[in-house]
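Chains as they are written, first to last, in the numbering used here: chain G, 1 to 116; chain F, 117 to 532; chain X, 533 to 1526; chain D, 1527 to 1703.
The beta carbon of each residue, even a glycine, is placed where N, CA and C say it ideally should be.
Just so we're clear, the structure is a prediction, and the values are computed from it rather than from any experiment.
Below is one structure, written out as structure tokens, with a few remarks after it.
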Amino acid sequence: MIIIKCPYCGERDQSEFSNGGEAHVVRPNNPESLSDKDWGEYVFFRNNPKGIFYERWVHSHGCKKWFNAVRNTSTDEILKIYKLKEKRPEITEFKNCLKSPSGEPKVGSGNFTVKK
Amino acid sequence: MKKKYSIASIVKNSFSNNERWEKMWRNPNPKKHYDVIIVGGGGHGLGTAYYLAKEHGVKNIAVIEKGWLGSGNTGRNTTIIRSNYLWDESAYLYDHAVKLWENLSEDLNYNMMFSQRGVLNLAHNEHDIKEIKRRVSANRLNGLDTMWLDKNEVKDLVPIMNTDNLRYPVLGAAYQPRGGVARHDAVAWGYAMRADELGVDIIQNCEVKGIKTDNYKVEGVETTKGFIKSKKIGVVASGHTSVLAATAGIRLPLQSRPLQALVSEPIKPVINTVVMSNAVHAYVSQSDKGELVIGAGTDGYNSFTQRGGYDVIEETVRAIVELYPIFGKMKMLRQWGGIVDICPDASPIISKCDVEGLYFNCGWGTGGFKATPGSANVFAHTIAKDEPHKINAPFALSRFSDGRLIDEHGAAAVAH
Amino acid sequence: MTALRNHNCNYISNVKINFKFDGKSYFAYEGDTIASALLRNNIRLVGRSFKYHRPRGIYTCGIEEPNALVQIISEHNEPNTRATIKRVYDGMVITSQNRWPSLSYDFGAINNILSPIFSAGFYYKTFMGPKGFWKNIYEPLIRRSAGLGKPPKNFRSKSIHQNHNTDILIIGAGLSGLIAARKFVNTKYKVLMIEQDSFLGGILKNSNKVDTINGLNSSEWLEETEKLLSKAQNIKILRNTLVTTYNFTNHFVALEDKFAGKKIDLNKSELTLHKIRTSNTILCNGHIERFISFRNNDLPGVMLASSFEKYIHRYGVVPEERPVIFTNNSSSMSLLNSMLSLGCKPEAYVDSRKNEEIETDIKKILKENNIPSYFEAEIEGCDGNKKIEKITIRKGKIFIKIKSSMLCVSGGYNPDIHLFTQSKGLLKWDKNIASFKPDTPFQKTLTLGSVSGNYNFNKLCDEINEKLSFLNTAKLDFEIKLNVSNKYSIKELWETKSKINSNWSKSFIDLHNDVTIKDLKQAISEGFDRIEHLKRYTTNSMGTDQGKISSINSLAVVSKLLKKEISEVGTTTYRPPYAPLSFAAIAGRSTYEFYDPQRKTSIHSWHLKNNAVFEDVGQWKRPWYFKTHDKETMHQAVQRESKMLRENSGILDGSTLGKIEIKGRDALEFMNLMYTNAFTKMKPMTSRYAMMLGEDGMIKDDGIICKLSDQHFIATTTSSGAPKVLAHMEEYLQTEWPHLQVYLNSITEQFSTFNISGPKTREIMRKVFPNIDFSNEAFPFMSFKNFDYKDTKIRIMRASFTGELGYEIYISPKYGLELWEEMFSCGREFNLIPYGTETMHLLRAEKGYIVIGQETDGTVTPIDLNYNWMIGKNKKDFIGKRSLSRPDTSREDRKQLVGLSPINKTDTIEEGQHIVELNELPKKIKNPIKYLGHVSSGYYSPNLNHSIGLAMIRGGKNLLGKKFFVTVSGKTKNIPVEVVNPVFVDPENKRLIS
Amino acid sequence: MTEITSTSGVNITQKYYHQIIIRGNGLEKFNNIIEEKTSIKPPLKNLEIKYDSNYLFGKNSFDQWSLILITKKDHQQILNLVSSINTNENMLASDYSHGQAYFEIEGENKEIFLNKLTHFDLREEKFPKSTMAQTTIARIECSIYNLGNKFVITCNKSYEDYFQKRLKDTALLSNAS
Ligand SMILES: Cc1cc2nc3c(=O)[nH]c(=O)nc-3n(C[C@H](O)[C@H](O)[C@H](O)COP(=O)(O)OP(=O)(O)OC[C@H]3O[C@@H](n4cnc5c(N)ncnc54)[C@H](O)[C@@H]3O)c2cc1C
Ligand SMILES: NC(=O)c1ccc[n+]([C@@H]2O[C@H](COP(=O)([O-])OP(=O)(O)OC[C@H]3O[C@@H](n4cnc5c(N)ncnc54)[C@H](O)[C@@H]3O)[C@@H](O)[C@H]2O)c1
Ligand SMILES: Cc1cc2nc3c(=O)[nH]c(=O)nc-3n(C[C@H](O)[C@H](O)[C@H](O)COP(=O)(O)O)c2cc1C
Ligand SMILES: [Zn+2]
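Dropping the structure here:
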């Protein structure tokens, strides 16, 4: 169970939060001008990377505030938490975090227990 | 069939100390080129290769698996099989599978232990009742064997169930007698063995790193064992499908989430039917070995770690203990997780895409084990003919642009 | 075969108690486990194995036990209880498991004779035909013989949870745990130390390896340490508590047995589940001894050497005076010491190491005491009927047979890496100890003592000081003097060769699941050459012990067979729990009546008094209908309520409806974006029925919006949708439109809400609120006003969900019940009735009003409902708007809302049934039958005196007047219906605006 | 005041207070208006609370405050205060008085007791005196105010019955062993 540091309330158990999927997906300004395909993309398609993921959380059983996080989805480690107004951190900031001690490769689900 | 299994073969081998069994499958090195490459050695992938070889006469096929056969969700699911889905499209697809399940052990001469012990979907409130009655009626018109049972009939089937004295009483259930469970690993092994016999190269411990395309055509796959050429590639990698698709520049509407399950210690038979409850999140059946196999809910965030949060386990066990108080005296033996690929409308994608020769079979989320033979069968058709089988035509990727979704959320919160 | 008492043991009392095992009475001392008590009584046979029903005894002295699982009859039949952990209490009733008719004569033992057939993968290869046999014959047979214990009986638990947040968690209060804890005494760190046993000390109490620490003998040192720790304010110790689960971000689960050694009192909490969150974890959970595979290594009487020693020191029982010792390492010296000091002499000592590899101390003791010793020798196997009678030693080419009833085996020590790997730490193979040990931690995890692979007592303090140096603690040094050599040496030995090559001879690799080395060989020959495949094909290490004493052995055996390095073979995945974890404890108190919180309105007590039957709506308890007398059925009650309301007046407790207050400079713009409706031209102090969509264009929720001003709105939502709607609004405000100045508050709980309607309503309202003008002119439909009431304010809105003249009253819950009662005393002369949700649903269906979740199912747009008028045509945007023009959502033949009226007025239109073109269905439906849609609502209308239905059917808008058929559950004959306007009652809304 | 339970080291009573939830931007003008209307200086720091024997004023988050009035008042008084705050376009005040239940928990074992029902970290370093938090207790959303010698817990009124029962149940069972 992840521990998440709400920027407003501090560290809390993950069970107090809800995940809001990919961050930085902006609602189109003028939906009517979009093609069916593009609109479908906005409504249904979200990135789903294995590794660095920019995502949204809301402290739903606490202060009810939304914020962004950068998490390594192959280890669940939260690498950074930032408020909505803050700038999206560069991916290069997290270059070194991609491998877990379990040797989790970028693609692959390996549950390794033994050091290679 | 070269390897023929029967009681006679077992007795014969027992005399030679069980030292003379044949290998189930070869361990070939990948060739430079295949006619079709299937990425993912789960049930769906292996089944697809089997049907491609058997029904469509494709000769030169490889299944590429990054771990060991069945190491994905095929090897870690709660094995519930049923076809009582609400929408026609789903009912046709899943029942196609159930019909294949019914002969699969004979077909492959490998016992999948498909056990049609019936599946109950419990109703705990008025809304559940309405939803279930509608589903029962739709299923009936689609030729399925779903029926409505009242509380007493449920109690007769599962006497240890606490129906009244609980926060959300059991008010009735949908019951599908043809539903049940099967031995998950055997599905992968059985398909693998027979596919291998038909000449399919099953390549384990080989990870596909990327799909190479040129001008909207596939060329082959980059793997940890080198580049392998092919004009047709079927991706059946469940949780990892969108990661692979991305290497070919394709976006899929999938989110990969942990889904957990657990087993208890084995006990003598105590529950003879598969029982599912969406409202209180409890899915339970008892395996042939005697352990209770219990499915939990999905975790609420994307992850590729094959494990989820403890709170989800707690949620499930609360519901189990509530429905079956005596299980409070039993113990959890092991818990684990898989990575499921969830689609916005809780229905799969079995489809071609913008890249020629690239096919996807994914989005099965929490409930694709039951579909294994059916999905493999129609996917093989789609790849061989380069056009969907009529059963999987509605499950095209294009439905997310035109809006023709097959929304099965109502029918199943977690569709085990 | 006799057991002795070790009178020097401090951990067991002299109080004698009695218990029953398989119907016979035995004695025990308080503090005994079932296993130590059975051994005390010279009982060796305690169970039958899982698959072959082979006789099994007690193999270990702890949580790692694979064999001695029993059923506790006196505790609701608790199955699969580890005899080596569970304490006995006076009057405890225990039986053995998996045998019939009795433990010594077990019918199932026939499986042992058939065992060559029951080889790995047996089930997969047979039982495939003839058709139907699997289902009706084979599988039921297999099931009957599966499982271990019998199911429990009549049980309801009261286990509770305890959460902890701490700086340091120390797991294991053995030697290293205690030293580590002493470093934290009176520091700023909050420390939690957890020990599974009821006594601290670990190796200090389980063996006599340690002589003195800083000059104190080990029990004195323990006493001193306990005193020190218990006085420290910052340290808390939990005993009888087993850590089972190591989750991500240093979260743990541990189970405390509150009744260890006592009879359970079901009015109390029998187990406490501790959930722990810590900043740093210190694993001091020691090691587990492993076995060696040889022929019949499962016979009752085979026991791990350190367990034998633990029985002597921890439980004061020497299970056997003259056992044989078999080892491949140096650790059994302390066992020799312990036995000799009690005057017992082993029958023989067998060491697989070469003479020169064996410690001189050991050789000296053996010689001095004249113990027959065999070096560079091994146990070939043992024989006997339900117990060891004869042990065969192989020395070179010679076989020596020895009579003894016990064989103590030590295959070496494995660091207990289970918790470490659960945390996702990485392991490394250490040749010196021939085992895996922790390497790279994934979380803030330290390992100390033998779990870290450090088997050197003299380096223990250095290790602890060094690893804890990053924390602010003082250096501690203890001088540890030993009774044994400090050097740990081992020579790999995993299996010994059997001289009998019979189909029936067995060397077990997994005792619990009856997996033999032969099974592993067969699986590999069949192509299952990956460790995970081997596990699943043979079920190796999948038993209730999860291979604690055997899994490393099986890896070693497999690596030899595959000619690979053991680190290449790898381990299978370690998963929680460390040992089987009680479901009752996991559930805690949040089950049964506390499974989900219940929400009650301020009128709840009145509903109870007036025989309301409740319905669960979300977490709310809502009156479903009211019974006037015991015999009244739901149908009767609802018909009565519905009729009465349309004739007089009825009142519904609508307090559960969600209410959201929306305010701010940009409130109007915000509302225009959130709902389909246009609010711009709406007059202040009026209200409007509104619809909320998702971005996919599908209806999410509906409600009435009250506009106080352009900057201030109050929205109502469905009862179960309230939290979702508020969250949805907050999400858009915070993430999409932060530039909008709008604030939201949930005010659901701040008002009791009553919906009163019916033709007599105005008269009743006038009587209750004599100062308010309820005339049509002063108080038109869809307007609202605030009034003073006592020391508070009430809001009254003219609105109705029944189609009758109606008002909604919003009042502070402080006065909710009072006003409700007042309404009834005023309404009595007008025959005012209370009604529940079912009547509400019926009445609204008569009016063709939809219910979210009933007419809609996540696939319905407002256009499908003919609610085009609710869509603000001139609005540039609102959530979901764009989706309404996608090809599929603008299709003409989508499912659309219609009414259904039976042609034959006595027919019943059932909810959930489907609309077809056939008047009759075949008995058995083979090919799917085409249908147009389904009945979303079906009621018997007491006002029309026939059944009515609302339905969602394909192209419904154009089918008015057409005739179809509706299916009937359980019948083949369908009923004919006509498609009609969904508004059955008062289509001109005369009643509504009267 | 209603006594809910009193066991070894824990004392729980239910109280009847008034409460107003205020939303706004928290800037200087906002604070001045609040002070002017309520005659109390609002807490400025996130999660801070101010209190005396008459009131308890907590800052729940950067744009939300809860004002609990401890001494008995006319409801009309509260409503007047609410509407006078609401005359400001960019502020929202809602009366929460009777829609909330209030519990006070005192005694040396109050942390251990509460931690049977919540994972929330009650350690002084993490939850200092004179701060508040919103979290879940016994599976429901609660606000918890740390007054040093006691905690004040508020939850929605509809849960009152359930919450009381959970508190009593926990007291009973933890007393027992
Ligand atoms: C806990 C749990 C319970 C479930 N319960 C049920 C249930 O009761 N009933 C039901 O019907 N369904 C259930 N499901 C869902 C079901 O398991 C899956 O939908 C189904 O097994 C998917 O099969 P598959 O063959 O598509 O995928 P998988 O079996 O996951 O196979 C995909 C394979 O692709 C491989 N792969 C991935 N990436 C690569 C790569 N780059 N290169 C090479 N290979 C790769 C993986 O290693 C894996 O072996 C459950 C799932 C889980 C996790
Ligand atoms: N020379 C040798 O032959 C040899 C061999 C092994 C160990 N040693 C030495 O012995 C000492 C052992 O001390 P230690 O502290 O490592 O081990 P220990 O056996 O003294 O203590 C381990 C403790 O952890 C407890 N425990 C284990 N798992 C638990 C769980 N999941 N939850 C709660 N409690 C749990 C056990 O009950 C036990 O009390 C070390 O100094 C080591 O070097 C020497
Ligand atoms: C239907 C089913 C039954 C299982 N039964 C057992 C069991 O009896 N004992 C056991 O140790 N594990 C059992 N498992 C769990 C597996 O050991 C394993 O945890 C799971 O396949 C996931 O793999 P992983 O833990 O290696 O990641 C079972 C799994 C499934 C899907
Ligand atoms: Zn927060």
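Contact note: PRO510/F does not reach chain G at a C-beta cutoff of 9 angstroms; the least C-beta distance is about 16 angstroms.
The residues ILE769, in chain order, have a CB closer than 8 angstroms to that of SER762/X in the same chain once the five nearest residues on each side in sequence are set aside.
A Cβ closer than 6 angstroms to some heavy atom of ligand 4 marks a residue here, and those residues are CYS6/G, TYR8/G, CYS9/G, HIS59/G, GLY62/G, CYS63/G and LYS65/G. Beta-bridge analysis with DSSP links THR924/X to GLY913/X and LYS933/X.
For LEU224/F, the distance from the CB to the nearest heavy atom of ligand 1 is not below 7 angstroms. With distances taken between CA atoms, SER18/G lies nearest to HIS61/G out of LYS83/G, HIS61/G and LEU79/G. At a Cβ-Cβ threshold of 8 angstroms, MET229/F and ALA298/F count as neighbours. Sequence-distant Cβ neighbours of SER346/F in its own chain, meaning closer than 6 angstroms and more than five residues away, are TYR150, ILE153 and GLY336. Going by C-alpha positions, HIS1065/X is about 8 angstroms away from TRP184/F. Under a 10 Å Cβ-count criterion, ASN193/F is classified as buried, with 16 or more other Cβ atoms of the shown protein chains found around its own Cβ. At least one CB atom of chain X sits nearer than 8 angstroms to the CB of THR113/G.
Within the region 1101-1126 of chain X, contact with chain D at the beta-carbon level (separation under 7 angstroms) is assigned to ARG1121, SER1122 and PHE1126. Close CB contacts of VAL1090/X within its chain, under the 7 angstroms cut and outside five residues either way in sequence, are with LEU1052, ILE1063, LEU1066 and VAL1101 (chain order). Flagged as an interface residue toward chain X: LEU1618/D, by a C-beta distance shorter than 8 angstroms. Straight-line measurement puts the Cα of TRP1269/X at about 58 angstroms from the Cα of LEU1087/X. Taken from the Cβ of GLY818/X, at least one heavy atom of ligand 2 lies inside 7 angstroms. Per DSSP, reduced to three states, the secondary structure at PRO489/F is helical.
In this structure, DSSP gives SER862/X a helical state, which the three-state scheme calls helix. Every alpha helix (DSSP H) stretch that sits fully inside the region 391-478 of chain F and reaches 4 residues is listed by chain position as 426-439. Across the set CYS914/X, LEU1225/X, ASN828/X and ARG688/X, the C-alpha of ASN828/X shows the shortest separation from the C-alpha of ILE1041/X.
In the structure shown, the three-state DSSP call for ILE796/X is coil. Counting C-beta pairs closer than 8 angstroms gives fewer than three between the region 869-880 of chain X and the region 630-640 of chain X, which falls short of the contact rule. Taking the Cβ atoms as the reference, ASN255/F lies roughly 4 angstroms from THR262/F, within the contact range of under 8 angstroms.
Taking a contact as a CB-CB distance under 8 angstroms, the pair MET1484/X and LEU1416/X does not count as one, their CB atoms being some 17 angstroms apart.
A straight line joining the alpha-carbon of ILE735/X with that of LEU707/X spans about 6 angstroms. In the three-state reduction of the DSSP assignment, PHE53/G falls in the strand class, which pools E and B. By the Cβ criterion, the region 700-716 of chain X is in contact with the region 807-815 of chain X, since at least three pairs of Cβ atoms, one from each stretch, lie closer than 8 angstroms.
Around ARG1178/X, the same chain offers ASN1475 as residues with beta carbons nearer than 6 angstroms, after the five sequence neighbours per side are excluded.
Listed in chain order, the positions of the region 427-445 of chain F with a beta carbon within less than 8 angstroms of a beta carbon of chain X are ILE429, GLU430, VAL433, ARG434, ALA435, ILE436, VAL437, GLU438, PRO441, ILE442, PHE443, GLY444 and LYS445. For SER730/X, there are no C-beta contacts with chain F under 7 angstroms, since the nearest C-beta of that chain is about 20 angstroms from it. The C-alpha of PRO1568/D is placed about 13 angstroms away from the C-alpha of LEU1595/D.
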